[in-house]
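*Asks:* Would you mind keeping the following structure in view while I ask a few things?
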Amino acid sequence: MAISFSTLPAPAKFREQQPEGDDHLNHCSKTMGSQCCKCGPDEDALERERRRKLLLAQLRHRKRVKAAGQIQAWWRGVLVRRTLLVAALRAWMIQCWWRTLVQKRIRQRRQALLRAYVIQEQAAVKLQACIRMWQCRQHYCQMCNALCLFQIPERSLAFQTDDFLQVQCAVPSKQPEFHIEILSI
1 MAISFSTLPA
11 PAKFREQQPE
21 GDDHLNHCSK
31 TMGSQCCKCG
41 PDEDALERER
51 RRKLLLAQLR
61 HRKRVKAAGQ
71 IQAWWRGVLV
81 RRTLLVAALR
91 AWMIQCWWRT
101 LVQKRIRQRR
111 QALLRAYVIQ
121 EQAAVKLQAC
131 IRMWQCRQHY
141 CQMCNALCLF
151 QIPERSLAFQ
161 TDDFLQVQCA
171 VPSKQPEFHI
181 EILSI
């Protein structure tokens, strides 16, 4: 069967110009009684095609909305993490500052206590040295007085009694004792 141009469906702009009547029946190969098939695309097929395109457009739109939602959720997560990181870094900086301040105060207290301890120890050592020096002088003076008794004056002709010398010699002759304490700081 040969296809002529008359059997091809007419474009949409020429459909309105389709002839009515017998010419149209000759033009259409499928006729059934008084009803003939419409030339051109079927209205149901066009409606189905339109629905299919609408569904595809809606599906693409949903995919785009879903993808946009995922991108927005990711970006919000990035912003939240960035904000939390900044807050954590600032908190860390404050904690570091506070720790250095506390360490500085502890070090200053230790130094103040150490200075007070050193001053007290130096005062105690100086006091002990003064007392020991006084004791040594006392002992030295006692020894000098005892030696003076043993010396015989040239001008005096009378000798002193042995009892008096024994009393004077009975003075304990202590060797000077030095106790040195070495303190480690």
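Quick note on the UniProt record's numbering: the sequence shown kicks off at 1 and runs consecutively. For each residue, glycine too, the CB sits at the ideal point set by N, CA and C. Since the model is a prediction, treat every value here as computed from it, not as a measurement.
(1) Which of helix, strand or coil does DSSP assign to residue 42?
(2) Might you give, ordered along the chain, the residues of its own chain that have their beta carbon closer than 8 Å to the beta carbon of residue 47, omitting 5 neighbours on each side?
(3) Using the Cα positions of residue 45 and residue 55, report the straight-line distance between them to the nearest angstrom.
(4) Report all residues from its chain with a CB closer than 7 Å to the CB of residue 75; omit the five preceding and five following residues, and keep chain order.
*Replies:* So, from the listed chains and residues:
(1) Position 42 of the sequence shown, counted from the first residue, corresponds to residue 42. It is coil, neither helix nor strand.
(2) Along the sequence shown, one-based indexing puts residue 47 at 47. If we look at residue 47 and ignore the five residues flanking it on each side, it has no Cβ neighbours.
(3) The residue given as residue 45 occupies position 45 in the sequence shown. The residue given as residue 55 occupies position 55 in the sequence shown. Residue 45 and residue 55: Cα-Cα distance of roughly 15 Å.
(4) Counting from one through the sequence shown, the residue named residue 75 turns up at place 75. Apart from the 5 residues on each side of it in sequence, residue 75 has no Cβ closer than 7 Å to any other Cβ in its chain.
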